[in-house]
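Add 3 to the 1-based position in the sequence shown for this note's numbering, that's all there is to it.
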Amino acid sequence: MNNYPQKNVYIRYKLYISFILLLFTGTACSEKGEVRSVATNYLKALVDYRLDDAKKFGDESAIYFLDRQQRIIDSWTPEEREKARKNLENTEVEILNIDIKETKAIVKYKLTKDGKILQSEQLHLTKNPAGWQVIESMN
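#1: Grab me the residues of residue 75's own chain with a C-beta within less than 7 Å of its C-beta, minus the 5 sequence neighbours each way, in chain order.
#2: Quick check on DSSP: helix, strand or coil for residue 51?
#3: Buried or exposed for residue 120, going by 16 or more other Cβ atoms inside 10 Å?
#4: Cutting at 6 Å between CB atoms, please list the residues of its own chain near residue 104, excluding the five before and the five after it.
#5: If you reduce the DSSP assignment to three classes, tell me which class residue 130 lands in.
Following this line, the structure appears as structure tokens:
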């Protein structure tokens, strides 16, 4: 009896399973890449005081938060604005970890300048029809 048809089915089955696993892995990597991009762009816009640009990466809560921050910045003198800008100039954004669960993501990051950690926190994102967006909690 020839085992060729059984081997052929077995090989096809292995290829099918491998393809499915590769598809899931590719999707997960794509999701992480998108989350990383949104988080990085949002944080870079914040440290550069480009709050209007940061709004592009946030949901309604982030936009509300950024509008409040802009009102505070608008109350500063030109000298205070320049000092704040210089304090964050050349700040590096480093994404440390991304944890995605369905439509929620937690991004651990740190901001460094001249080798010193300025901030090490988490950023929360949600996925909606517009894509991944930063959520700013006022808690």
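Heads up, the beta-carbon is just placed ideally off N, CA and C, and yes, glycines get one too.
In short:
#1: One-based indexing of the sequence shown puts residue 75 at position 72. The answer is none, since no qualifying residue turns up.
#2: Indexing the sequence shown from 1 puts residue 51 at position 48. Correct three-state label for residue 51: coil.
#3: Here residue 120 is taken as the residue at index 117 of the sequence shown, counted from 1. Residue 120 is exposed by the Cβ-count criterion.
#4: Taking the sequence shown and counting its residues from 1, one reaches residue 104 at position 101. Here the set comprises nothing.
#5: The residue given as residue 130 occupies position 127 in the sequence shown. Residue 130 falls in the strand class under three-state DSSP.
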